[in-house]
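Numbering (UniProt numbering), first residue to last: 1 to 509.
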């Protein structure tokens, strides 16, 4: 049989599982077979259409877990510079969804959005289809003949859209305002965890004046009642206060706080920040109960960071000063150039990117021990040993509410680990006293509470080294950067989107 006929036969065989009445689990090696045929020049448009149609049928039946399993295999296999998913299936799936989503139950739409996001399968056009459907449900709330909108799902719906790197391109004008108008039921009746999630989504989507006017003032009675019962909120109190305090900003003049705001929100939040600062400064992993107690206490806040409104005063309270302006300008230019090369659909879009420079010397003989005039660093947990220097720089897997992330490979810790490797024997107890110099770090995300702890531990380890850290946010910058400057460029034809475990340079050349 000629090779062309064999390839055609192989392509026909891949249609078999798609013709069954119910889509089965993805056969082992299915995506690899698609990739192999594509590399050999076999035209697979019809097969891609059938795969997309089968996945769309699963969505219409509510079988989103099965869709997720197929997506995982299609995303973990490469064809050239992209995943098999992007070789034609994603575009066909987008076209299929346009025709079916209106008749799909809202819980399935929200579940699909979560799966697309968590599996890194969302693309600009595909995500716009999903968000437009959520938009029509929210804007049509209470309108005769409009699709039904379950207000109990509002926190989850807003949260998944809030976390998308395509938010600027797909979040329709007025949707956040419409969501705020129908949020009263959720704010009053939602469980504490969903209350925190909803407020967090609003504070990330709205500027402080809008947050106060659209979310706080119309629902003053409800919010005061929920905050008055601290026992009901339990360990979620820091997360709720975090969202309110960051949503309303740090200035009463800017957001026009209601009269009760300072006493009910700002002062309790300040108490939480003092408790966190004391934990990082006075307790730490080597005091007050040791490593396990420190990790448990830090995770107990159920926060990933203190928020962009409060990171500056907290950093100052920890003795972490801001880097000089010249370094900040150099770092910002380097970060922006690098982000222009990142595809917003790639795994690297959600990862923090930092720029660091340092110069350390021995105070005994003036010899240079470690130096870098500037280097870019992505947060990459896979490339950093979990226990490397864990006794000196202990990280905690923190995150907002129940969604935690591995923090041992975050930018700040990766930079400090690089310095400790350079120091070698000077990182020992005797040599530490004689190490002097400066370490400057600039990151395009808010420094997490785990990394704040790591920075404090590094200062304790090398007390004569000045550690300065800053985030790419106001007031250090005159304004917020565009959304693509934090997450990369949204391209019509995605590249470097495969989740296959290859090196950073291959993923994002």
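Think of the CB as a built atom: it goes at the ideal place given N, C-alpha and C, for glycine as much as any other residue.
Quick check: the Cα distance between residue i and residue j, rounded to an integer number of angstroms?
| i | j | result |
| --- | --- | --- |
| residue 278 | residue 250 | 21 Å |
| residue 323 | residue 470 | 7 Å |
| residue 532 | residue 254 | This structure cannot speak to residue 532, because the chain is shown only from 1 to 509. |
| residue 361 | residue 376 | 22 Å |
| residue 110 | residue 206 | 21 Å |
| residue 274 | residue 267 | 11 Å |
| residue 140 | residue 112 | 21 Å |
| residue 510 | residue 50 | Nothing about residue 510 can be read from this structure; the chain reaches only from 1 to 509. |
| residue 96 | residue 234 | 44 Å |
| residue 498 | residue 346 | 7 Å |
| residue 500 | residue 81 | 11 Å |
| residue 489 | residue 154 | 28 Å |
| residue 122 | residue 62 | 18 Å |
| residue 315 | residue 306 | 10 Å |
| residue 463 | residue 418 | 18 Å |
| residue 230 | residue 237 | 7 Å |
| residue 137 | residue 129 | 13 Å |
Just mark residue i as buried or exposed, buried being the case when its beta carbon has 16 or more other beta carbons within 10 Å.
| i | result |
| --- | --- |
| residue 510 | Outside the displayed range of the chain (1 to 509) lies residue 510, so it cannot be described from this structure. |
| residue 246 | buried |
| residue 156 | buried |
| residue 309 | buried |
| residue 125 | buried |
| residue 523 | Any property of residue 523 remains undetermined from this structure, which presents the chain solely from 1 to 509. |
| residue 146 | For residue 146, the pLDDT reaches just 45, beneath the cut-off of 50, and the residue's location in the model is therefore unreliable, although a value from the coordinates is still provided. With fewer than 16 other Cβ atoms within 10 Å, it is exposed. |
| residue 243 | buried |
| residue 86 | buried |
| residue 364 | exposed |
Apart from the five residues on each side of it in sequence, which residues of its chain come closer than 8 Å, Cβ to Cβ, to residue i?
| i | result |
| --- | --- |
| residue 318 | 277, 280, 281, 452, 455, 456 |
When DSSP labels each residue in this structure, what does residue i get in the three-state scheme?
| i | result |
| --- | --- |
| residue 102 | helix |
| residue 357 | strand |
| residue 470 | strand |
| residue 481 | coil |
| residue 370 | strand |
| residue 25 | coil |
| residue 363 | coil |
| residue 439 | strand |
| residue 377 | strand |
| residue 69 | helix |
| residue 83 | strand |
| residue 402 | coil |
| residue 343 | strand |
| residue 131 | helix |
| residue 59 | helix |
Please go through the same chain and pick out, in chain order, the residues whose beta-carbon is closer than 6 Å to the beta-carbon of residue i, but skip the five residues on each side of it.
| i | result |
| --- | --- |
| residue 422 | 370 |
| residue 520 | Given that the chain is displayed from residue 1 to residue 509, the structure contains no residue 520 and the question cannot be resolved. |
| residue 223 | none |
Going by beta carbon distance, what residues of the same chain come within less than 7 Å of residue i, once the five residues before and after it are set aside?
| i | result |
| --- | --- |
| residue 117 | 160, 163, 164 |
| residue 338 | 353, 376 |
| residue 357 | 327, 372, 373, 374, 440 |
*If we count Cβ pairs, one from each stretch, closer than 8 Å, do we get three or more for the segment 64-78 versus the segment 22-39?*
yes
_Does the contact criterion of 3 or more C-beta pairs under 8 Å hold for the segment 213-220 versus the segment 177-188?_
yes
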